[in-house]
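Undergrad: Protein sequences appear in the order of chains A and B. The first sequence lines up with residues 1 to 340 when you count with the working numbering. The second sequence lines up with residues 1 to 340 when you count with the working numbering. Glycine residues also receive a C-beta, built at the ideal position from the N, C-alpha and C atoms.
There are 2 protein chains.
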Amino acid sequence: MGDVNIRSLAKQLNLSISTVSKALKDSYEISIETKKRVVSLAKALHYNPNPFARSLRLKKSKTIAVVVPDVADSFFSAAIKGIEEIAQAKGYHVLLYLTHEKYLKEKKILEELKNGRVDGIMMSVTSETIQTKHIEEFINNSEYNIPVVFFDRAIDDMNLAKITTNDFESCQVATQHLIDQGCKKISYLSISNELSINKKRIEGFKSALTTNHINFSNKQIVECTNNAEKNETIITHLLLTENRPDGIIAGVEKLIEPVYIVCKNQKINIPTALKIISFSNLPYAPILNPSLTTITQPAYQIGQTAAKVLFKGIEKKGYSCNNENIMLPSELIIRESTSN
Amino acid sequence: MGDVNIRSLAKQLNLSISTVSKALKDSYEISIETKKRVVSLAKALHYNPNPFARSLRLKKSKTIAVVVPDVADSFFSAAIKGIEEIAQAKGYHVLLYLTHEKYLKEKKILEELKNGRVDGIMMSVTSETIQTKHIEEFINNSEYNIPVVFFDRAIDDMNLAKITTNDFESCQVATQHLIDQGCKKISYLSISNELSINKKRIEGFKSALTTNHINFSNKQIVECTNNAEKNETIITHLLLTENRPDGIIAGVEKLIEPVYIVCKNQKINIPTALKIISFSNLPYAPILNPSLTTITQPAYQIGQTAAKVLFKGIEKKGYSCNNENIMLPSELIIRESTSN
DNA sequence: TATATTCACGAAAACGGTTTCGTAACGCAG
DNA sequence: CTGCGTTACGAAACCGTTTTCGTGAATATA
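1. Can you find a C-beta in chain A that's less than 7 Å from the C-beta of residue 173 of chain B?
2. Going by alpha carbons, who is nearest to residue 222 of chain B out of B:242, B:248, B:210?
3. Just how far apart, CA to CA, sit residue 74 of chain A and residue 28 of chain A?
4. Please list the residues of the segment 29 to 53 of chain B that have a C-beta atom closer than 8 Å to any C-beta atom in chain A, keeping them in chain order.
5. For residue 329 of chain A, does the count of other Cβ atoms within 10 angstroms reach 16, so buried, or fall short, so exposed?
6. Are residue 293 of chain A and residue 270 of chain A closer than 7 Å when you measure CB to CB?
7. Are the C-beta of residue 206 of chain B and some C-beta of chain A separated by less than 7 Å?
8. Is residue 103 of chain B close to chain A, meaning its C-beta is less than 7 Å from at least one C-beta of that chain?
9. Judging by CA-CA distance, which residue of A:316, A:297, A:308, A:307 is the nearest neighbour of residue 332 of chain A?
10. Does residue 123 of chain A pass the burial test, meaning 16 or more other C-beta atoms within 10 Å, or should it be called exposed?
11. Please say whether residue 286 of chain A and residue 117 of chain B have beta carbons closer to each other than 7 Å?
12. Using the beta-carbon of each residue, which ones in chain A are nearer than 7 Å to residue 80 of chain B?
13. Pairs of beta-carbons, one from the segment 148 to 157 of chain B and one from the segment 129 to 149 of chain A, closer than 8 Å: are there three or more?
14. For residue 242 of chain B, does the count of other Cβ atoms within 10 angstroms reach 16, so buried, or fall short, so exposed?
15. Could you give the DSSP three-state label for residue 71 of chain B: helix, strand or coil?
16. Do residue 56 of chain A and residue 53 of chain B have their C-beta atoms within less than 7 Å of each other?
17. Express the C-alpha separation of residue 88 of chain A and residue 1 of chain A in angstroms, rounding to a whole number.
18. Looking at residue 310 of chain A and residue 91 of chain A, is the spacing between their C-beta atoms short of 7 Å?
19. So what does residue 327 of chain A bridge to, in DSSP terms?
20. Taking the continuous alpha helix (DSSP H) assigned at residue 306 of chain B, which residues delimit it?
21. Please check the pair residue 142 of chain A and residue 114 of chain A, which I expect to be a contact at CB under 8 Å, by giving their CB distance rounded to whole angstroms.
22. Mind reading off the beta-carbon distance from residue 340 of chain B to residue 181 of chain B? Whole number of angstroms is fine, and I expect it under 8 Å.
23. Whose CA, out of A:279, A:240, A:174, A:191, lies closest to the CA of residue 224 of chain A?
24. Are the segment 223 to 238 of chain B and the segment 158 to 172 of chain B touching by the rule of at least three beta carbon pairs closer than 8 Å?
25. Can you tell me where the alpha helix (DSSP H) with residue 28 of chain B in it begins and where it stops?
26. Taking DSSP's pairing of strands, which residues face residue 76 of chain B in a bridge?
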């Protein structure tokens, strides 16, 4: 049953392999009747061309890779959803690789992808990714010219396509909102000060402070980790100092849970004693206790536009998508956690 | 630069292609010095064997497919994380396909996978999946013997591997908990009454009712949709009838948000007027308003064990994983939404 | 009628690996 | 010296496509 390939088709039809191949792709070289015969038998036998033979011959895999730190995160999962939808519509397959925020995994994954397994890559780098050698090496060493598109977590000084959000402005606006609500001592919780998007957010944060003539100290930037327990300790410490903040901006969704938990345990009232904003795509933000003010990124749209850019880079010959640099606006959604 | 393949290696080393190939896989036929020469040059040139040539020859792709309704769901994303981790450790690649709860997409995806693109499939079926023809046809028509493993949303009467949770018991326990807390009129919110896991949960639900001598009526099973707005209407209707329920079990995480929203809008107090339990893996359940009692599935472990079973089915020759039927226990985590 | 063009198809190379099988060279026993 | 086994390697088939090029027949053109 299994041996339905182009050769067996040809044999049954008394045709050559090349004729069958051409007939199946509706070539003008083949007569209409022959095409009909071929197509109908192919359908009847559920002929499905071998993808590896095709990829080997054409040097095209009709596959893209998505390399992200995590999938259990509302931003990334929504972005992936957007990517997958565009890919499926274009007839592409999607390989998923998780880096778990580990630079070494990211490096290893890129090495695995140099051999043409995918036609393009979309990635959001690790919070550990400071060096860019592995990406540069990928660009230079990959067999073919495999385009790479960054989404959200990009590396600024690389000449590659980037689809991001307005991190500077949105963090500035968020900080201003906290100040307007009466906050004097605001902390920014980060998971990596090296990450480009975090740098921009921190710049926006500082900018709002100076606009309002509030002094900035480095202690206001609290660097967290990828370990949930450690984060709880860090946040507990932060909220137990006598000079504790009265406002918090969380740079990543994951940090919201420990903040809420610590506040509950330490009986710190949100928003009276502490106002909170988070970068987050949580659909559950409105039903938290209290509901959470968020800077919500258009995750799904980011995924979709990034995918569209990538496919343009893959399919348009003579065109490189490297100079694409699209910035989509995030939205500050004000809820109870920053009310008065 | 790009043309570093086994042929160019052979040429530079003055060896034949076959010798290089064997040397690279450490064959006993090749002398130690030759192996060293080959390996060192391969490393120096970053030789990476072409995956399609290899797959074509070996009829193995070192790739599995994960077919799920959605990725922006805490259960599926955690399960995928578990799957990806095992796959990466085994040197496998993971193709992700989203069905968006559409039977037709599921069918189309399976058709695409018949040609050997993947060595195995893990899937959680659509809420629309009533027929099983597409899966049967896949099993019978696929080129090679591609194993399929169901996780969570399985089809009971198919002879395929299934990794699920104790849906009957956990729903029974949850229902009993609601009854213990004083609920008299409990509704179960479902997204598909045909889904095997839902049937089992409903059975568990009924079982608890009869144990407690409470009459059951079909109206207690409220079938929701995949459309968020419709769901809100359905739930609003449910909660505005004069004989409205005093307890709710949500069969799927997505339905929690509308329930909370409607309660907020209609000023129905949780848990005083309405107690709520949800099947959910939300890490944010503890910080909802009020915190949510959940039946939490071991999503990550399900993904991992399902992947392990699949790889056994793929790699162990003469072994079929079809009879694997593993049931992992869910946990009822009691929080404020069902307190008195 | 002779020639050019079009039509419809087939032969064979190519993609880059793996694997089977053959064999030259060598050592060793008889 | 002959026969045999071992060692280390190479030739070639094969996996299933795509595509270039060639060709015989039919048709159009001069």
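TA: Straight from the coordinates:
1. Taking the first residue of the second sequence as 1, we reach residue 173 of chain B at position 173. No, its Cβ sits nowhere closer than 7 Å to a Cβ of chain A.
2. Taking the first residue of the second sequence as position 1, residue 222 of chain B is located at position 222. Taking only the C-alpha atoms, the option nearest residue 222 of chain B is B:248.
3. On the first sequence, residue 74 of chain A is found 74 positions in, with the first residue counted as 1. On the first sequence, residue 28 of chain A is found 28 positions in, with the first residue counted as 1. Distance between the alpha carbons of residue 74 of chain A and residue 28 of chain A: 49 Å.
4. 46, 48, 49, 50, 51, 52, 53
5. Here residue 329 of chain A refers to the residue found at position 329 of the first sequence. Label assigned to residue 329 of chain A: exposed.
6. The residue you call residue 293 of chain A lines up with position 293 of the first sequence. The residue you call residue 270 of chain A lines up with position 270 of the first sequence. Their beta carbons are not under 7 Å apart, which means residue 293 of chain A does not touch residue 270 of chain A by this criterion.
7. Residue numbering aside, residue 206 of chain B sits at position 206 when the second sequence is read from its first letter. Output row for residue 206 of chain B: interface = no.
8. Here residue 103 of chain B corresponds to residue number 103 of the second sequence, with the count starting at 1. It does not; no Cβ of chain A falls within 7 Å.
9. Position 332 of the first sequence, counting from 1, holds the residue named residue 332 of chain A. Closest option to residue 332 of chain A, Cα to Cα, is A:297.
10. Translated into positions along the first sequence, residue 123 of chain A becomes position 123. Counting Cβ neighbours within 10 Å, residue 123 of chain A comes out buried, since at least 16 surround it.
11. Start at 1 with the first residue of the second sequence, and residue 117 of chain B comes out as number 117. Start at 1 with the first residue of the first sequence, and residue 286 of chain A comes out as number 286. Their beta carbons are not under 7 Å apart, which means residue 117 of chain B does not touch residue 286 of chain A by this criterion.
12. Translated into positions along the second sequence, residue 80 of chain B becomes position 80. Near residue 80 of chain B (Cβ distances below 7 Å), the residues of chain A are 71.
13. no
14. For the purposes of this step, residue 242 of chain B is taken as residue 242 along the second sequence, with counting starting at 1. That one is exposed.
15. Here the question's residue 71 of chain B lines up with position 71 in the second sequence. Residue 71 of chain B falls in the coil class under three-state DSSP.
16. Residue mapping note: residue 56 of chain A aligns to position 56 of the first sequence, counting from 1. Residue mapping note: residue 53 of chain B aligns to position 53 of the second sequence, counting from 1. The answer is yes: Cβ separation under 7 Å.
17. For the purposes of this step, residue 1 of chain A is taken as residue 1 along the first sequence, with counting starting at 1. For the purposes of this step, residue 88 of chain A is taken as residue 88 along the first sequence, with counting starting at 1. With a pLDDT of 46 at residue 1 of chain A, under the threshold of 50, the predicted position of this residue should be treated as unreliable, and no value is reported.
18. Translated into the one-based positions of the first sequence, residue 91 of chain A becomes position 91. Translated into the one-based positions of the first sequence, residue 310 of chain A becomes position 310. No, these two residues do not count as a Cβ contact at 7 Å.
19. As a working note, residue 327 of chain A is residue 327 in the first sequence. Bridge partners of residue 327 of chain A: A:164.
20. Taking the second sequence and counting its residues from 1, the one referred to as residue 306 of chain B is at position 306. Taken as a continuous stretch (DSSP letters only), the alpha helix (DSSP H) holding residue 306 of chain B covers 299 to 315.
21. Counting from one through the first sequence, the residue named residue 142 of chain A turns up at place 142. Counting from one through the first sequence, the residue named residue 114 of chain A turns up at place 114. Indeed they touch by this definition, with Cβ atoms about 4 Å apart.
22. For the purposes of this step, residue 340 of chain B is taken as residue 340 along the second sequence, with counting starting at 1. For the purposes of this step, residue 181 of chain B is taken as residue 181 along the second sequence, with counting starting at 1. Yes, residue 340 of chain B and residue 181 of chain B are in contact; Cβ-Cβ is about 6 Å, under 8 Å.
23. Here residue 224 of chain A corresponds to residue number 224 of the first sequence, with the count starting at 1. If we check each option's Cα against that of residue 224 of chain A, A:191 comes out closest.
24. no
25. Counting from one through the second sequence, the residue named residue 28 of chain B turns up at place 28. Element bounds for residue 28 of chain B: n/a, residue is neither H nor E.
26. For the purposes of this step, residue 76 of chain B is taken as residue 76 along the second sequence, with counting starting at 1. The partner list for residue 76 of chain B (beta bridge, DSSP) is empty, contrary to what the question assumes.
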